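One point on numbering: in the numbering used here, the residue at position 334 of the first sequence is 402, and numbering is uninterrupted. Structure first, commentary second.
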Amino acid sequence: MIKITLPDGSVREYQKGTSSHEIALSISEGLARNVISAKVNGEVWDSSRPIHSDASLQLLTWNDDDGKATFWHSSAHLMAEALEALFPGVKFWVGPPLENGFYYDVDLGGQTLSPTDFEKIEQKMLELAKQNNSYQRKEMSKKEAIAYFTEKKDEYKLDLLERLEDGNITFYTQGNFTDLCRGPHIPTTGIIKAAKILNIAGAYWKGDEKNKMLTRIYGITFPKDKELKEYLVALEEAKKRDHRKLGKELELFTFSEKVGMGLPLWLPKGAMLRERLEQFMRTAQTKAGYLPVITPHIALKELYVCSGHYEKYGADAFQPINTPQEGEQFYLKPMNCPHHCEIYKSAPRSYKDLPVRYAEFGTVYRYEQHGELHGLTRVRGFTQDDAHLFCRPDQVKEEFCKVIDLVLYVFNALDFKDYTAQISLRDPENKTKYIGSDENWDLAEQAIIESAKEKGLKTVVELGEAAFYGPKLDFMVKDAIGRKWQLGTIQVDYNLPQRFELEYTGSDNQKHRPVMIHRAPFGSLERFVAVLIEHCAGNFPLWLTPEQFAVLPISEKFNDYAAGVLNQLQALGLRGKLDDRNEKIGKKIRDNEVNKIPFMLVVGEKEAQENKVAVRQHGKGDIGVYDLKGFADFVNGIIENDFKEKALK
RNA sequence: GCCGGAGUAGCUCAGCUGGUAGAGCAGCUGAUUUGUAAUCAGCUGGUCGGGGGUUCGAGUCCCUUCUUCGGCUCCA
Numbered sequence: 069m070i071k072i073t074l075p076d077g078s079v080r081e082y083q084k085g086t087s088s089h090e091i092a093l094s095i096s097e098g099l100a101r102n103v104i105s106a107k108v109n110g111e112v113w114d115s116s117r118p119i120h121s122d123a124s125l126q127l128l129t130w131n132d133d134d135g136k137a138t139f140w141h142s143s144a145h146l147m148a149e150a151l152e153a154l155f156p157g158v159k160f161w162v163g164p165p166l167e168n169g170f171y172y173d174v175d176l177g178g179q180t181l182s183p184t185d186f187e188k189i190e191q192k193m194l195e196l197a198k199q200n201n202s203y204q205r206k207e208m209s210k211k212e213a214i215a216y217f218t219e220k221k222d223e224y225k226l227d228l229l230e231r232l233e234d235g236n237i238t239f240y241t242q243g244n245f246t247d248l249c250r251g252p253h254i255p256t257t258g259i260i261k262a263a264k265i266l267n268i269a270g271a272y273w274k275g276d277e278k279n280k281m282l283t284r285i286y287g288i289t290f291p292k293d294k295e296l297k298e299y300l301v302a303l304e305e306a307k308k309r310d311h312r313k314l315g316k317e318l319e320l321f322t323f324s325e326k327v328g329m330g331l332p333l334w335l336p337k338g339a340m341l342r343e344r345l346e347q348f349m350r351t352a353q354t355k356a357g358y359l360p361v362i363t364p365h366i367a368l369k370e371l372y373v374c375s376g377h378y379e380k381y382g383a384d385a386f387q388p389i390n391t392p393q394e395g396e397q398f399y400l401k402p403m404n405c406p407h408h409c410e411i412y413k414s415a416p417r418s419y420k421d422l423p424v425r426y427a428e429f430g431t432v433y434r435y436e437q438h439g440e441l442h443g444l445t446r447v448r449g450f451t452q453d454d455a456h457l458f459c460r461p462d463q464v465k466e467e468f469c470k471v472i473d474l475v476l477y478v479f480n481a482l483d484f485k486d487y488t489a490q491i492s493l494r495d496p497e498n499k500t501k502y503i504g505s506d507e508n509w510d511l512a513e514q515a516i517i518e519s520a521k522e523k524g525l526k527t528v529v530e531l532g533e534a535a536f537y538g539p540k541l542d543f544m545v546k547d548a549i550g551r552k553w554q555l556g557t558i559q560v561d562y563n564l565p566q567r568f569e570l571e572y573t574g575s576d577n578q579k580h581r582p583v584m585i586h587r588a589p590f591g592s593l594e595r596f597v598a599v600l601i602e603h604c605a606g607n608f609p610l611w612l613t614p615e616q617f618a619v620l621p622i623s624e625k626f627n628d629y630a631a632g633v634l635n636q637l638q639a640l641g642l643r644g645k646l647d648d649r650n651e652k653i654g655k656k657i658r659d660n661e662v663n664k665i666p667f668m669l670v671v672g673e674k675e676a677q678e679n680k681v682a683v684r685q686h687g688k689g690d691i692g693v694y695d696l697k698g699f700a701d702f703v704n705g706i707i708e709n710d711f712k713e714k715a716l717k
């Protein structure tokens, strides 16, 4: 007999070789029906796989992330089976589950797929699923495995096999499809009831652009048809939040082919929004002891040679700007830090002066690859809420913590709750691609890890993701469609101070080297606004929104009164506009609702007589009649209350 | 950059197998003077992304170029 420990701590005894499916069956038939796979001693297994010794067991269903992953991985195999049936000779690379669905990278031998093929694949998948074939696991010797795929002429699987150890190789077969696979899998194909091919894309084999491009087919499946329908509806809803769509509809920003791709043009409303964000940050920074600086958009090549950026990015950068003077070359600035280093150097510094914190909304230009450009999230010219802190080595940790506080302050203000803090460290395998000494790197990495821990951040550590000049802490946020973007960033830099020979005089009257910290809580204003738009679906917080209200006169007779209302409210510190078009009130309301204006102030005969406004709130409807002061107090009260709740100032 | 879609009026889109462009909204003009999600009528507006080619004839077919969208980390 073996002892099985369940997640609630209870222990049950079973015959040696009992499978988790059988264990589920012994608990309840309903549970057994829903079990997709099982976590045995922390490892996900097929539910049919016999357990031979004492173990902890967690039965996984569709409601567990690991259960979903099993389901989708098996679905990838099902799709592969369908592809093989429809396109004989297709070769397979890998087909992993994703957060939502799965993909399979395949070599279609030059064929291309069209949306009509999508339907064919979906139908074939469901047809095969109905056969209710089981996924059968089989251990193979490396020799047998190689023989199998040599026969099949699948060089991709053979490549995988090369790097696998003999004795650790398994195959899975369902129906007519056999694949090299570690597993685990769902019991049978029959539980896959709904399938959708989402899209296809090219993907380099092993992610290397030197390799052949395979076709990546994305799909998703569900145990119930209803869930697929709901998912597709949710996907449509998410697309409505896309900042590129809302940015156009709400007149926030635009692009022009004449100006150049990836160079955003901020329209008045977008600019107003952005200016308020900048003001918010300026206020917070001033309180945190930052000093403003302003630097030009171009600098001599020598500056970047000194900083090392030229060596690192020179080839990918925009081309140099030449001047009439022989040999003089300027570059558009890709970063603000070298300029700030020169500001630090403009005067001798004492240890008593440190830390010095220079802040600038610095616009930088980077040559991003054509295909990488994406709305406001990836552009070629953008403005960072940049700052550089110069401090003594003993101040690094404290300064780092203060910066984390500032980032959290911003995220809190804007209700960003779903973020992860990514700590990016050196690639231990390849330390030569980084600039700076080993000891300095270790010091910096420790400071980051400790600060993040002290602030209680939910962190992910990524090896090899560090910048070439130092480790960093990035705040990652997801957009409407689930894509991850980096917003705030904090980076320790022991390198630039050395390259620029920055110094301060210590209490010992000796010269010492300061440490530099780069930080940008928003990251770039462009990307931040993009994520903000998607986060609030265009319904910006009252304190930020470009237009807080619109005054809607019932007819032209009340245009004068309405104009007076606008003036008085503006004098009371609110932002709004007058909608005096010759339209009926219903039309004005509709248009302003669509434009997500928070408050609509309807004014007609009654209001004009009493010097009041009838207030309608976006998405809520009529909320009653206010006098002007009362309305201003109401709006400001909401803002103050919001700030108070979040402990903002 | 690479693979695969797309590009028709300011916006959203229609235009079958080639026969010289169409709707709604927006805009303009006029009528209406309106009470909580679209008042009515008329009008303007497009060298069909650009360039080249095939053809008697190209929005439609071919080539090329630009822009745009999805993807190119997630190693059975």
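C-beta: ideal position from N, C-alpha, C; glycine also. Here the structure is a predicted model, which means the values were calculated and not measured.
Query raised in the report: What residue does the beta strand (DSSP E) around isoleucine 104 start on, and which one ends it?
Result: Counted from its first residue, the first sequence places residue 104 at position 36. Segment: none, isoleucine 104 is in no beta strand (DSSP E) and carries neither H nor E.
Query raised in the report: Should proline 406 go down as buried or exposed, given a rule of 16 or more other Cβ atoms within 10 Å for buried?
Result: Reading the first sequence from its first residue, position 338 is the one you call residue 406. With 16 or more other Cβ atoms within 10 Å, it is buried.
Query raised in the report: Is the distance from the Cβ of leucine 457 to the Cβ of glutamate 466 below 8 Å?
Result: Stepping through the first sequence from its first residue, residue 457 is reached at position 389. Stepping through the first sequence from its first residue, residue 466 is reached at position 398. No; because the gap between Cβ atoms is not below 8 Å, this pair is not in contact.
Query - Nearest-angstrom beta carbon gap, aspartate 173 and arginine 284 [assumed within contact, 8 Å] - result: Taking the first residue of the first sequence as position 1, residue 284 is located at position 216. Taking the first residue of the first sequence as position 1, residue 173 is located at position 105. So it is a contact: roughly 5 Å between Cβ atoms.
Report task. Note down, in chain order, each residue of its chain lying with its Cβ closer than 7 Å to the Cβ of glutamate 661, except the 5 sequence neighbours on either side. Result -> Counted from its first residue, the first sequence places residue 661 at position 593. His686, listed in sequence order.
Query - Distance CB(valine 98)-CB(arginine 312) smaller than 8 Å - result: Counting from one through the first sequence, the residue named residue 98 turns up at place 30. Counting from one through the first sequence, the residue named residue 312 turns up at place 244. Looking at the sequence provided, one finds glycine at residue 98 rather than valine. Cβ atoms of glycine 98 and arginine 312: not closer than 8 Å.
Query raised in the report: Just how far apart, CA to CA, sit leucine 93 and leucine 228?
Result: Within the first sequence, residue 93 is the residue found at index 25, counting from 1. Within the first sequence, residue 228 is the residue found at index 160, counting from 1. Between leucine 93 and leucine 228, the C-alpha separation is close to 37 Å.
Query raised in the report: Can you name, in chain order, every residue of its own chain whose Cβ lies under 7 Å from the Cβ of aspartate 293, other than the five neighbours on each side?
Result: Position 225 of the first sequence, counted from the first residue, corresponds to residue 293. Excluding positions up to five away in sequence, the list reads Lys261 and Ala262.
**Report entry** aspartate 114, enclosing beta strand (DSSP E) - first and last residue
**Finding:** In the first sequence, counting from the first residue as 1, residue 114 sits at position 46. It spans 111 to 114 - the beta strand (DSSP E) in which aspartate 114 sits, taken as one unbroken run.
Query raised in the report: Which residues does DSSP pair with glycine 692 in a beta bridge?
Result: By 1-based counting over the first sequence, the position of residue 692 is 624. DSSP, once it has assigned bridges, lists Val683 as partnering glycine 692.
Requested in this report: Rounded to whole angstroms, what's the CA-CA distance from threonine 184 to arginine 231? Just pull it up for me.
Outcome: Translated into the one-based positions of the first sequence, residue 184 becomes position 116. Translated into the one-based positions of the first sequence, residue 231 becomes position 163. In a straight line, the C-alpha of threonine 184 is about 37 Å away from that of arginine 231.
Query - leucine 593 beta carbon less than 8 Å from that of aspartate 453 - result: Numbered from 1 along the first sequence, position 385 holds the residue referred to as residue 453. Numbered from 1 along the first sequence, position 525 holds the residue referred to as residue 593. Yes. Within cutoff.
Query - lysine 206, DSSP secondary structure in three states - result: Position 138 of the first sequence holds residue 206. Correct three-state label for lysine 206: strand.
Query raised in the report: Taking tyrosine 487 as the reference, which of Gly315, Gln204, Ala106 and Phe543 has the closest Cα?
Result: Position 419 of the first sequence, counted from the start, is the residue given in the question as residue 487. Comparing Cα positions, the closest option is Phe543.
Report task. Compute the Euclidean distance between the alpha carbons of glutamate 195 and lysine 188, then round it to the nearest angstrom. Result -> Start at 1 with the first residue of the first sequence, and residue 195 comes out as number 127. Start at 1 with the first residue of the first sequence, and residue 188 comes out as number 120. So the alpha carbons of these two residues sit roughly 10 Å apart.
**Report entry** Residues near asparagine 201 in its chain [Cβ-Cβ closer than 6 Å; skip 5 each side]
**Finding:** What you label residue 201 is simply residue 133 of the first sequence in a count that begins at 1. Here the set comprises Gln242, Gly243 and Thr257.
Query - phenylalanine 620 versus glycine 532 - alpha carbon distance - result: As a position in the first sequence, residue 620 is number 552, starting the count at 1. As a position in the first sequence, residue 532 is number 464, starting the count at 1. It should be noted that the sequence gives leucine, not phenylalanine, for residue 620. Answer to the nearest angstrom: the Cα atoms are 57 Å apart.
Query - Exposure label - glycine 110; buried when at least 16 CB within 10 Å - result: Taking the first sequence and counting its residues from 1, one reaches residue 110 at position 42. Exposed, by the Cβ-count rule.
Query raised in the report: Would DSSP call asparagine 650 helix, strand or coil?
Result: Numbered from 1 along the first sequence, position 582 holds the residue referred to as residue 650. In the structure shown, asparagine 650 sits in coil (DSSP, three-state: anything other than H, G, I, E or B).
Report task. Determine, using beta-carbon pairs with one atom in the segment 432 to 447 and one in the segment 409 to 420, whether at least three such pairs fall under 8 Å. Result -> no
Query raised in the report: For methionine 584, does the count of other Cβ atoms within 10 angstroms reach 16, so buried, or fall short, so exposed?
Result: The residue you call residue 584 lines up with position 516 of the first sequence. So methionine 584 ends up on the buried side.
Query raised in the report: Which residue comes first and which comes last in the alpha helix (DSSP H) that contains methionine 349?
Result: As a working mapping, residue 349 is identified with position 281 in the first sequence. Counting along the chain, the alpha helix (DSSP H) containing methionine 349 begins and ends at 336 to 355.
Query - Closest Cα partner of glycine 524 within the set Glu152, Asp473, His580 and Tyr694 - result: Reading the first sequence from its first residue, position 456 is the one you call residue 524. It is Asp473 whose Cα lies nearest to the Cα of glycine 524.
Query - C-alpha distance - leucine 226 paired with asparagine 267, whole-angstrom precision - result: To locate residue 226, count along the first sequence from 1; it is residue 158. To locate residue 267, count along the first sequence from 1; it is residue 199. Their Cα atoms are separated by approximately 27 Å.
Query raised in the report: Could you give the distance in angstroms between the alpha-carbon of lysine 210 and the alpha-carbon of lysine 401?
Result: For this step, residue 210 is matched to residue 142 along the first sequence. For this step, residue 401 is matched to residue 333 along the first sequence. Going by the C-alpha atoms only, they are around 54 Å apart.
Requested in this report: Assuming alanine 676 contacts phenylalanine 626 (C-beta within less than 8 Å), just tell me the rounded distance between them.
Outcome: Taking the first sequence and counting its residues from 1, one reaches residue 676 at position 608. Taking the first sequence and counting its residues from 1, one reaches residue 626 at position 558. With a Cβ gap of about 6 Å, alanine 676 and phenylalanine 626 count as contacting.
**Report entry** Cross-strand partners of cysteine 459 (DSSP beta bridge)
**Finding:** Here residue 459 corresponds to residue number 391 of the first sequence, with the count starting at 1. Per DSSP, Val583.
Requested in this report: Could you tell me which uninterrupted beta strand (DSSP E) segments, each at least 3 residues in length, are contained entirely in the segment 129 to 215, listed from first to last along the chain?
Outcome: 169 to 175 and 204 to 208
Query raised in the report: First and last residue of the alpha helix (DSSP H) that includes leucine 565?
Result: Along the first sequence, one-based indexing puts residue 565 at 497. It should be noted that the sequence gives proline, not leucine, for residue 565. Run containing proline 565: 564 to 567, per the alpha helix (DSSP H) assignment.
Query raised in the report: Thinking C-alpha only, which one of Asn709, Asp701 and Leu669 is nearest glycine 692?
Result: For the purposes of this step, residue 692 is taken as the residue at position 624 of the first sequence. With distances taken between Cα atoms, glycine 692 lies closest to Leu669.
Query raised in the report: Is it true that the CB of alanine 144 sits closer than 8 Å to the CB of glycine 157?
Result: Here residue 157 refers to the residue found at position 89 when the first sequence is read from its first residue. Here residue 144 refers to the residue found at position 76 when the first sequence is read from its first residue. The answer is no: Cβ separation not under 8 Å.
Query raised in the report: Can you list, in chain order, the residues of its chain whose CB lies under 7 Å from that of lysine 71, leaving out five sequence neighbours each side?
Result: To locate residue 71, count along the first sequence from 1; it is residue 3. Answer for lysine 71: Val79, Glu81 and Asp122, listed in chain order.
Query raised in the report: How about the segment 597 to 613 and the segment 303 to 317: do they share at least three Cβ pairs that are nearer than 8 Å?
Result: yes
Query raised in the report: Tell me, which residues are paired with isoleucine 285 by DSSP?
Result: Reading the first sequence from its first residue, position 217 is the one you call residue 285. The partner list for isoleucine 285 (beta bridge, DSSP) reads Tyr172 and Ile268.
Query raised in the report: When you compare only the Cα positions, how much space is there between glutamine 360 and glutamine 347?
Result: Position 292 of the first sequence, counted from the start, is the residue given in the question as residue 360. Position 279 of the first sequence, counted from the start, is the residue given in the question as residue 347. The question names glutamine, but residue 360 in the sequence shown is proline. Straight-line Cα distance between these residues: approximately 13 Å.
Query raised in the report: Taking the alpha-carbon positions, what's the glutamate 304 to glutamate 90 distance?
Result: Residue 304 sits at position 236 when you count from the first residue of the first sequence. Residue 90 sits at position 22 when you count from the first residue of the first sequence. Cα to Cα, glutamate 304 sits roughly 41 Å from glutamate 90.
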